[in-house]
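Residue numbers (the working numbering), protein chains in the order written: chain A, 126 to 449; chain L, 461 to 703.
Glycine residues also receive a C-beta, built at the ideal position from the N, C-alpha and C atoms.
Remember, it's a predicted structure, so these values are computed and weren't measured experimentally.
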């Protein structure tokens, strides 16, 4: 039995990716021009440091940093990770050092290895906490977009509860919009019966865009212990297995709103990016594929031109919503 | 950090424990206590396995077949290739000095916690430090690495019934520092029953293995630490139980 991957050459120069791709991959997101639509998703890329040691992360369109809250959080007990066929569950629970530390330490450090605008992912337990973080980040030049996580499935009494009720999601949207002039994207939960209802409520409340989908609530049970694998019992399911679900929800949402969408959920290769954009995404995020293959975003960006050629796509932005 | 290796040997050394030796240029530069994270066909997550020994072109791994991933590993044959992320984790700090000079270390291993201590013993002896080695197993049939330790000409005691912490070497031995790796209850017993400082290597379910996902974080007296990146080795004074 062999496990051979032939696609990667560790240590290869990334400079060609930075300079040689021209404008074919370029997309616009609320006035922000991205060299390509590939954005590592929040929670799967930390603050970028671990990946900057592996490749020049300036080849990315942008990245969405680790979900940040007003106060520092340790998160949930371990085990926080479980495996599933074609995917994984996590119940990290928004571990982060808090907004003050992110602004005073992480952002200045990030400046040394990432020169583009970054997406600031924030979460909270009240409208006030979301607005508090957004107001602080509004003053930071490095931030291109504020992504508001109303869909974390791993935090009790917060996170997802805002994202499963249209009026709560709208209130958070208004609270954040009132304190920042930066584009605000609301990150939506798939754990709802009609995602378009929440999407429209956010759009009506002034959201500049939407990110979807967050993880699907799931669980695993250990057959030896006959207990849930995750200490938190439930966790967010992600990985290639959820791609068709994510694609369907992006497609439905893109048909229901006019604001741009960052599509995510199970993306792991260049073909997935194009499929997600055909469903209506203006850009994409790559999540847990970064955890199993730290070079995946670099490889997707490298592979996109050839895959576009194969499907007669001249410019990537031309395919957005093409299947609708 | 990512390398392709070729399996050179993959055999059962006990009923449930296998030894795999792989070759490849990415082997060079590993430190005792570090691990590699192996991609396996049919498994979404990689499997973190401690390095038992490494040279410029080979890595030796011991692993217990406990589930899908390690079962797949156990069926690999010489010539098969594996993709692994390498040089992961902090590893043991060998340059410990207390007071007037270098320490007299005791290495305490339990089960498949012994392999990283073999690498450590090897590096310590080549640095001129003579460690004592205390290894424990649930039964005589489960003993691994005993001969390999003895070949290093280090004083080795093997325990196959009862607790390593009840052995003479632990209770009356001449040592002033402990390096340990093994099951949590053993680590806790070593922690509770020893008076000297030391380094403890922990295991945790991991997402990425290189510090990105926060899947394996624990609270310590020096703040939150990721077992995969800031560990797996923690200083005794940093440990907060339960880990």
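- For residue 699 of chain L, the number of other beta carbons within 10 angstroms of its own is at least 16, and it is reported as buried.
- Residue 377 of chain A: member of the alpha helix (DSSP H) spanning 368-381, first to last residue.
- When rounded, the separation of the alpha-carbon atoms in residue 471 of chain L and residue 618 of chain L is 22 Å.
- Two segments are said to touch when three or more pairs of C-beta atoms, one from each, lie closer than 8 Å; by this definition the stretch 565-585 of chain L touches the stretch 636-649 of chain L.
- For residue 646 of chain L, the CB contacts under 6 Å within the same chain, skipping 5 residues up- and downstream, are 570 in chain order.
- Residue 262 of chain A counts as buried, since no fewer than 16 other beta carbons sit within 10 angstroms of its beta carbon.
- Each of L:463, L:654 and L:691 was checked against the Cα of residue 489 of chain L, and the nearest Cα belongs to L:463.
- Contact with chain A is found for residue 666 of chain L, since one of that chain's Cβ atoms lies less than 9 Å from the residue's Cβ.
- Collapsing the DSSP output to three states places residue 632 of chain L in a helix.
- DSSP places residue 577 of chain L within a helical segment (H, G or I) once states are collapsed to three.
- In the structure shown, the three-state DSSP call for residue 192 of chain A is coil.
- The beta carbon of residue 258 of chain A does not come within 9 Å of any beta carbon belonging to chain L, so the residue lies off that interface.
- Counting only Cβ-Cβ distances below 9 Å, residue 179 of chain A has contacts in chain L at 461, 462 and 670, in chain order.
- Taken atom to atom, the span from the alpha-carbon of residue 248 of chain A to that of residue 352 of chain A is near 30 Å.
- Within chain L, the residues whose beta carbon sits less than 7 Å from that of residue 204 of chain A are 665, listed in sequence order.
- Under DSSP, residue 215 of chain A takes part in a beta bridge, and its partners are A:206 and A:361.
- Within the stretch 405-431 of chain A, contact with chain L at the beta-carbon level (separation under 7 Å) is assigned to 415, 416, 417, 419 and 420.
- Looking at the backbone, the Cα of residue 684 of chain L and that of residue 674 of chain L are separated by about 10 Å.
- In this structure, residue 217 of chain A sits near residue 677 of chain L, with a CB-CB distance shorter than 9 Å.
- Take residue 500 of chain L, set aside five residues on each side of it, and the residues of its chain with a beta-carbon closer than 7 Å to its own are 507, 529, 532 and 533, in chain order.
- Ranked by Cα distance from residue 359 of chain A, the first of A:433, A:155, A:448 and A:277 is A:277.
- For the stretch 636-677 of chain L, the full-length beta strand (DSSP E) segments reaching 3 residues or more read 637-641 and 657-661 along the chain.
- Between the alpha carbons of residue 538 of chain L and residue 184 of chain A lies a gap of roughly 38 Å.
- Looking at the backbone, the Cα of residue 239 of chain A and that of residue 182 of chain A are separated by about 7 Å.
- Taking all protein chains shown into account, residue 485 of chain L has fewer than 16 neighbouring C-beta atoms within 10 Å of its C-beta and is therefore exposed.
- Contiguous beta strand (DSSP E) elements confined to the stretch 480-530 of chain L occur at 495-499, 507-514 and 518-524, taking only those with 3 or more residues.
- By the neighbour-count definition (other C-beta atoms within 10 Å, threshold 16), residue 159 of chain A is a buried residue.
- Below 8 Å, enough C-beta pairs join the stretch 190-199 of chain A and the stretch 215-235 of chain A to call them touching: three or more.
- The DSSP-derived three-state label of residue 565 of chain L is strand.
- When secondary structure is reduced to three states using DSSP, residue 227 of chain A falls in the helix class.
- The C-beta of residue 664 of chain L has 16 or more other C-beta atoms within 10 Å across all chains shown, which makes the residue buried.
- Of all residues in the stretch 208-224 of chain A, only 208, 209, 210, 211, 212, 213, 215, 217 and 220 place a beta-carbon less than 8 Å from a beta-carbon of chain L.
- Boundaries of the beta strand (DSSP E) harbouring residue 165 of chain A: 163-165, taken from the DSSP string.
- Look at the stretch 191-202 of chain A: the residues with a C-beta under 7 Å from a C-beta of chain L are 199 and 200.
- Exposed is the label assigned to residue 653 of chain L, since fewer than 16 other Cβ atoms lie within 10 Å of its Cβ.
- The beta carbon of residue 300 of chain A sits closer than 7 Å to those of 252, 255 and 256, all from its chain and outside the five residues before and after it, given in chain order.
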